[in-house]
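To start, the structure itself, in structure tokens.
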Amino acid sequence: MSKNVQPDYCDTTKRTRLVKIAAIIALVGNLVLAAAKLITGFLSGSLAVLGDGIDSSTDVAIALMALAVAFVIDRPSDKKHPWGHGRAETIATVGLSFIVMIAGFQLLLSAYHALASGSATEIPPNMTLLVTAFSIAGKLLLALNQWKIGKKAGSAMILANAKNMTTDIAISASVLLGLGASILFHLPILDPVIALLVGLWVMKTALGMFMELNLELMDGNTDDDLYRELFEAVNSVPGAGNPHRARIRKIAAAWDIDLDIEVDGNKTVTEAHAIACGVEKAIRCKIADIYDIVVHVEPEGHGEHTEQFGLCAKDFD
Numbered sequence: 048m049s050k051n052v053q054p055d056y057c058d059t060t061k062r063t064r065l066v067k068i069a070a071i072i073a074l075v076g077n078l079v080l081a082a083a084k085l086i087t088g089f090l091s092g093s094l095a096v097l098g099d100g101i102d103s104s105t106d107v108a109i110a111l112m113a114l115a116v117a118f119v120i121d122r123p124s125d126k127k128h129p130w131g132h133g134r135a136e137t138i139a140t141v142g143l144s145f146i147v148m149i150a151g152f153q154l155l156l157s158a159y160h161a162l163a164s165g166s167a168t169e170i171p172p173n174m175t176l177l178v179t180a181f182s183i184a185g186k187l188l189l190a191l192n193q194w195k196i197g198k199k200a201g202s203a204m205i206l207a208n209a210k211n212m213t214t215d216i217a218i219s220a221s222v223l224l225g226l227g228a229s230i231l232f233h234l235p236i237l238d239p240v241i242a243l244l245v246g247l248w249v250m251k252t253a254l255g256m257f258m259e260l261n262l263e264l265m266d267g268n269t270d271d272d273l274y275r276e277l278f279e280a281v282n283s284v285p286g287a288g289n290p291h292r293a294r295i296r297k298i299a300a301a302w303d304i305d306l307d308i309e310v311d312g313n314k315t316v317t318e319a320h321a322i323a324c325g326v327e328k329a330i331r332c333k334i335a336d337i338y339d340i341v342v343h344v345e346p347e348g349h350g351e352h353t354e355q356f357g358l359c360a361k362d363f364d
């Protein structure tokens with residue numbers, strides 16, 4: 048069995064620093080945008096703008112949580128957390144999806160109440176257009192920044208935030224169009240209608256975020272090609288064969304891999320160990336960002352493999 052407990056992905060200190068930078072930029076940017084939209088929404092009575100401001104407020108919460116998580120994932124592994132603290136990022140991001148879901152639901156209720164009561168009687172003022180246009184430009188810059196840093200750091204949390212911001216841009220754009228139509232055609236009813244649609248969109252985004260991250264949290268298979276690359280790497284090593292019971296899970300930005308291989312039963316322990324080390328090296332050359340690899344060696348033709356867990360090449364035929 049070959050075991051290397053030291054991660055070889057990008058420098059954890061550098062990665063944490065990037066996550067902190069992204070969180071601070073998102074925090075400041077969203078604070079400005081949220082304040083502008085909430086104040087404008089309250090003063091103008093526009094539910095659509097107010098809802099957009101609530102959505103930006105959730106982004107402030109996301110940035111605060113990302114900043115807090117950055118300090119957690121920076122901690123080294125310990126007796127209680129031998130795998131380190133990288134999973135805190137995934138757990139936090141799942142929690143954020145619930146925050147976004149609740150914000151969308153609250154907006155949905157407000158819009159429904161306005162429609163049901165017929166309280167939408169005032170035309171939104173022109174300043175709502177200016178603030179919303181400013182919001183679109185600001186969100187675009189923030190989304191590009193978060194996407195760039197998230198890719199560089201390999202942070203699912205920052206990338207999820209960037210994805211959420213692109214949704215915010217679409218929301219603000221729809222609000223802008225609706226406000227323009229409301230002012231142009233003197234149809235105040237469009238404001239709560241837009242708010243209703245925005246609420247549904249926010250909830251849909253939150254649900255998609257939760258489903259995607261829940262698979263990762265449950266150590267699910269998020270990439271079939273990753274397993275194919277794993278089996279190709281094993282089969283490229285002389286003396287190694289029949290890779291099976293393979294399991295790949297994600298820890299923060301890196302992959303933790305376990306698998307069994309077969310070698311000639313007449314090999315000595317030292318020779319079998321050398322083959323296992325060769326397999327580990329081949330995997331690291333084939334797959335980037337490895338946290339750890341465990342290779343279990345079995346003698347060739349070691350009976351039927353009836354394990355109820357793990358995957359093999361035939362699972363991807």
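Here this note's numbering = 1-based position in the sequence shown + 47. Glycine is no exception: its CB is placed at the ideal position from the N, C-alpha and C atoms.
For I298, the enclosing beta strand (DSSP E) stretches over residues 288-298. Here L74 has V107, A110, L111, L114 as same chain residues with Cβ atoms under 7 Å from its own Cβ, once five neighbours each way along the sequence are excluded.
For D272, there is no enclosing beta strand (DSSP E); the residue is part of the alpha helix (DSSP H) that begins and ends at 271-282. Close CB contacts of L176 within its chain, under the 8 Å cut and outside five residues either way in sequence, are with L223, L226, G227, I230 (chain order). Nearest neighbour of L156 by Cα position, chosen from L262, V240, R294, turns out to be V240. Check the Cα spacing between K333 and each of L277, M250, R134, E136: the tightest is with L277.
Non-local C-beta neighbours of I304 in its own chain, meaning closer than 6 Å and more than five positions away in sequence, comprise I295, I340, ordered along the chain.
The Cβ-Cβ distance between V326 and T252 does not fall below 8 Å.
In chain order, A280, V281, S283, V284 place their CB closer than 8 Å to the CB of A329, counting only its own chain and leaving out the 5 sequence neighbours on each side. As the crow flies, the alpha-carbon of H128 is around 17 Å from that of W302. Closest by C-alpha distance to N77, out of I101, G151, L162, A299, is I101. Looking at the DSSP output, H343 shares a beta bridge with D307. The residue from T269, V116, W248, F232 with its alpha-carbon nearest to that of I216 is W248. In the assembly as shown, I205 is a buried residue. Its beta-carbon has 16 or more other beta-carbons within 10 Å. For secondary structure counted as the alpha helix (DSSP H) over 4 or more consecutive residues, the region 169-233 holds these complete runs in sequence order: 174-200, 203-232.
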